[in-house]
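Take the sequence shown: its position 164, counted from the start at 1, is 674 in my numbering, and no numbers get skipped.
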Amino acid sequence: MSWIDVNGVSIRYHFDGSGENPLVVFFHEIGGSLESFNRVVPYLLPHFSVLSFDQRGAGQSEKVRDSFGIDDLVNDAAELIDYVAGDVQCHLVTIAASGLQALRFYERFDARVRSLTMCNPALGVDPSRAQALEDRADIAESSGIRAGLETTLDKSYQPELRDDKVYPEVRGRYLSNDPFGFAEANRVLARTDMRGILTKLRCPTMVIAGRQDQVRPFVGSEEIATQIPGSRFELIDGGHFLTVTSPDEVGNLLMDFLTSVTQ
Numbered sequence: 511m512s513w514i515d516v517n518g519v520s521i522r523y524h525f526d527g528s529g530e531n532p533l534v535v536f537f538h539e540i541g542g543s544l545e546s547f548n549r550v551v552p553y554l555l556p557h558f559s560v561l562s563f564d565q566r567g568a569g570q571s572e573k574v575r576d577s578f579g580i581d582d583l584v585n586d587a588a589e590l591i592d593y594v595a596g597d598v599q600c601h602l603v604t605i606a607a608s609g610l611q612a613l614r615f616y617e618r619f620d621a622r623v624r625s626l627t628m629c630n631p632a633l634g635v636d637p638s639r640a641q642a643l644e645d646r647a648d649i650a651e652s653s654g655i656r657a658g659l660e661t662t663l664d665k666s667y668q669p670e671l672r673d674d675k676v677y678p679e680v681r682g683r684y685l686s687n688d689p690f691g692f693a694e695a696n697r698v699l700a701r702t703d704m705r706g707i708l709t710k711l712r713c714p715t716m717v718i719a720g721r722q723d724q725v726r727p728f729v730g731s732e733e734i735a736t737q738i739p740g741s742r743f744e745l746i747d748g749g750h751f752l753t754v755t756s757p758d759e760v761g762n763l764l765m766d767f768l769t770s771v772t773q
């Protein structure tokens, strides 16, 4: 793992590959980290170069104390990509709310996006859901991550999907999140709506949904896919955090899709 100052923030990242291979960039979920993709990345090597990173305020990146928005997150990613690989086209892979960042990245830097893959995407919420996210943010700041566990990780990673090895690690990392960074990430989701850009996407796009996702039921992901011209939709067994609960299925789908759009 390495750290680099980009956009005024220290970001932890992991890069595996070379300049000769197409670049795949992973964006993690709220409460996640670059480890969210540890069991998916091997499927892409050595055919692709892979960049994953902890977003500002998350994982082991800098714990900021200033509020941030969607463009701050996108600027972080853009500067990190520039540092690691230069001004190249890349394949963006997201899970849950990080789909917002990828769509905003495309909106600003469309020529740099070779393809887009979104797992259980959260791209905007209705007013009642937005208020729940604002409340979740306030609880995290005032009482810590554990205080909201029942309505966050416990709901996203239900008991039937847990095992004795992976789940304890995920739970431990989740509880170690900085409350302010976690709160701000929730506020970004509550206050950002990128659904209006879906019909304007012109890059190859795949949407993957988890059949057991209780946070973003798969019918919502399927509806998102229908709005994207020429998109591919895949429904697989798994929960909200597909790269964690279903890494083999996601890895195989990614390899198939990315290979097809790179040729």
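Backbone N, C-alpha and C fix where the C-beta goes; we use that ideal spot for every residue, glycine too. For clarity, every value in this text was computed on a predicted model and none was experimentally measured.
Euclidean distance between Cα positions of Trp513 and Thr715: 30 Å
Pairwise C-alpha distance: Asp674 and Ala612: 33 Å
Test item: CB-CB of Tyr684 and Leu671 under 7 Å: no
Pairwise C-alpha distance: Asp515 and Phe563: 12 Å
Ser571 beta carbon less than 7 Å from that of Ile540: no
8 Å Cβ shell around Ala647 - same chain, five flanking residues per side excluded: Phe692, Ala693, Glu694, Asn696, Arg697, Ala700
Outcome for Arg618 when other beta-carbon atoms lying within 10 angstroms are tallied against a minimum of 16: exposed
Beta-carbon spacing of Gly720, Leu763 below 7 Å: no
C-alpha gap between Gly654 and Phe690, whole angstroms: Their Cα atoms are separated by approximately 9 Å.
Selection from Asp581, Gly579, Val603, Asp723 that minimises the alpha carbon distance to Val560: Looking at Asp581, Gly579, Val603, Asp723, the one whose alpha-carbon comes closest to that of Val560 is Val603.
Minimum length 4: unbroken alpha helix (DSSP H) runs contained in the segment 748-773: 752-755, 757-772
Sequence-distant residues of its chain with Cβ nearer than 6 Å to Arg622 (five each side left out): Gln599
Residue ranges of each alpha helix (DSSP H) within the segment 661-696, 4 or longer: 663-666, 676-685
Nearest-angstrom beta carbon gap, Ile738 and Ile718 [assumed within contact, 8 Å]: About 13 Å separates the two Cβ atoms, so there is no contact after all.
Test item: CB-CB of Phe547 and Val594 under 7 Å: no
For Pro727, the nearest candidate out of Gly748, Leu533, Tyr616, Val534 (CA to CA): Ranking the options by Cα distance to Pro727, first place goes to Gly748.
Whole-Å CB distance - Gln724 paired with Gln668, under 8 Å assumed: Their Cβ separation, rounded to whole angstroms, is 6 Å, which keeps Gln724 and Gln668 in contact under 8 Å.
Three-state secondary structure (DSSP) of Val550: coil
DSSP-derived helix/strand/coil call for Ala719: Residue state, collapsed to three classes: strand.
Extent of the continuous alpha helix (DSSP H) run through Arg522: Residue range 519-526 is occupied by the beta strand (DSSP E) that includes Arg522, with no alpha helix (DSSP H) assigned at that position.
Reference Pro556; option with closest CA among Phe767, Glu530, Arg566: Glu530
Phe537 beta carbon less than 7 Å from that of Val584: Not closer than 7 Å, so no.
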